[in-house]
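Asks: According to numbering that gives the first Met the number 0, the sequence shown is numbered sequentially starting from 0. Beta carbons are placed, not taken as given, at the ideal position from N, Cα and C, and that holds for glycine. Treat the numbers as computed from the prediction; the structure is a model and nothing was measured.
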Amino acid sequence: MTKRLELYKCEICGNLVEVVLDGAGELVCCGQAMQRLEANTTDGDREKHVPVFIKKDDVLEVRVGSQPHPMTDEHYIQFIEVISDDEVYMKRKYLKPNEEAFLKLKCYDIGKMSAKEFCNIHGLWENKND
Ligand SMILES: [Fe+2]
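See the structure below:
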C-alpha cells in the first residue's frame, strides 16, 4: 500500500517517484519492488542536508543545511520541496550542479510545513518549521 507524498526509488535504474494519491498496490520497477525512502536515515552529515527555514519579512527561504552542501557534478542536491501540513500548498524546485541549494516562497498564511530535499548520494532529508 502506498500513501500520498511518499517517495519510492528503484534500486536498479534509479527511478524516483512520488505518490499522488493513496493506492493499494505495490510499486514495481525493473521487475522488483521499489524501496520507500525514509528521510534522515543515511550517513550523510546532518548539517549539510537537513533543510533550514529562514524567514525575512514576507519571504520564507528554505536552505539545504546549516552548512552549505556541495553542488558539484558528482554530488549535489537534486530538488527541494515544501509541503504545508494540510497538504494544500506544495512547491518543488529542481536544482543542477553549481546552483545554490535554496527555495524561496512568499509567506502566505500556510502555517506549519515540511521541507524535503534529495541529495543524489545521501538521499532524502526532511525538516519541519515548528
Ligand atoms: Fe550529500
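Classify Arg3 as helix, strand or coil using the three-state DSSP reduction.
Replies: Here Arg3 sits in coil by DSSP.
Asks: What did DSSP end up calling Lys47 once you bin it into helix, strand or coil?
Replies: DSSP places Lys47 in helix when its eight states are reduced to three.
Asks: Specify whether the stretch 62 to 82 and the stretch 103 to 121 touch according to this definition: at least 3 beta carbon pairs, one from each stretch, less than 8 Å apart.
Replies: Yes, they touch.
Asks: Measure the alpha-carbon distance for Pro69 versus Pro96 and round it to whole angstroms.
Replies: Between Pro69 and Pro96, the C-alpha separation is close to 9 Å.
Asks: Going by CA-CA distance only, name the one from Glu17, Glu99, Gly22, Tyr7 that's closest to Lys35.
Replies: The sequence given here places Arg at residue 35; Lys does not occur at that position. The candidate whose alpha carbon is nearest that of Arg35 is Tyr7.
Asks: Lys132 to Lys92, Cα distance in whole Å?
Replies: Beyond the ends of the chain as shown, which are 0 and 129, falls residue 132; an answer cannot be given.
Asks: Taking buried to mean at least 16 other C-beta atoms within 10 Å of its own C-beta, is Ala100 buried or exposed?
Replies: Classification for Ala100: buried.
Asks: Which partner residues does Lys127 have in the DSSP bridge list?
Replies: Looking at the DSSP assignment, Lys127 forms a beta bridge with Ser113.
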